[in-house]
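Under the working numbering, the first residue of the sequence shown carries the number 78, and numbering increases by one thereafter.
Built from N, CA and C at the ideal position, the CB exists for glycine as well.
Reviewing the structure listed below.
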Amino acid sequence: GRLQVGERMPKLLILGPSYRRNPSPEPLPAIERYDGLFYRIVRKYIDKLKEKDVDVFIITEDLDVVTPETKLPYKPPVGESWKTLPPIEKDPEKIKLLRIQILKLIERRRYEEIFIVLNKYYQELLPDLTVYTKKIIVSFKGIGPKAQALKQWLSG
């Protein structure tokens, strides 16, 4: 039988700031400003996200949590590229705020699954999400398997 609306719990995808950026000087939606592999995958499936009830949170290098539509200004890279310092070296106060912000957003909706695409530095900043969801998808051996898993998860 067909699933009735409301029977499927929403899912959540958490992305971090990618090194590849769109250098356009205009403010761009986060999903376009960041231009890494995982962002390109998500852009391909963007229309599916609504119908599948997948929410997307993006953690910026300033440790803010934004949605894909949030307009981000152009920021020139520090040094040669946008590779940022591990955020651990950032303000503990900011990290605390980030955790509070994420927990607030997550408590608002019960997610069945949370798929986390963050490098290890950003992963360490997350609060413990295990109590809020049935399943967390997080560790992969390398980018290829992670990209495959993300495609399957988004199209599944």
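Option in the options with minimal Cα separation from residue i
i: I172; options: L126, W230, L203; result: L203
i: N99; options: G93, D112, P106; result: D112
i: S232; options: R97, P106, S101, K127; result: K127
i: I136; options: Q225, Y116, R185; result: Y116
i: P153; options: D124, I220, P104, G219; result: P104
Three-state secondary structure (DSSP) of residue i
i: T207; result: helix
i: P169; result: helix
i: P150; result: coil
i: Y111; result: strand
i: D139; result: coil
i: L231; result: helix
i: G78; result: For G78, the predicted model reports a pLDDT of 47, less than 50, meaning its position is unreliable; a value from the coordinates is still stated below. Coil, per DSSP.
i: L105; result: strand
i: G93; result: coil
i: K58; result: Since the displayed the chain opens at 78 and closes at 233, residue 58 lies outside it and no answer follows.
Chain-order list of residues whose beta-carbon lies under 8 Å from that of residue i (same chain, five-residue window excluded)
i: R176; result: L202, L203, P204
i: E189; result: R85, M86, P87, K88, T210, K211, K212
i: R187; result: M86, P87, Y209, T210
With 16 other Cβ atoms within 10 Å as the buried cut-off, status of residue i
i: L90; result: buried
i: P145; result: buried
i: K223; result: buried
i: D308; result: Since the displayed the chain opens at 78 and closes at 233, residue 308 lies outside it and no answer follows.
Beta-carbon contacts of residue i that lie in its chain and below 6 Å, excluding the five residues immediately before and after
i: I183; result: Y209
i: L180; result: P204
i: I193; result: I91, V215
Residues bridged to residue i [DSSP beta-bridge criterion]
i: K212; result: E190
i: K88; result: V131, E190
i: P145; result: Bridge partners of P145: none, in fact.
i: R98; result: Y111
8 Å Cβ cutoff, residue i in contact with chain C
i: R187; result: As a matter of chain content, chain C is missing from the structure shown, which is built from one protein chain.
Own chain partners of residue i with C-beta closer than 7 Å, once the 5 adjacent residues on each side are dropped
i: D168; result: none
i: L114; result: I220, A224
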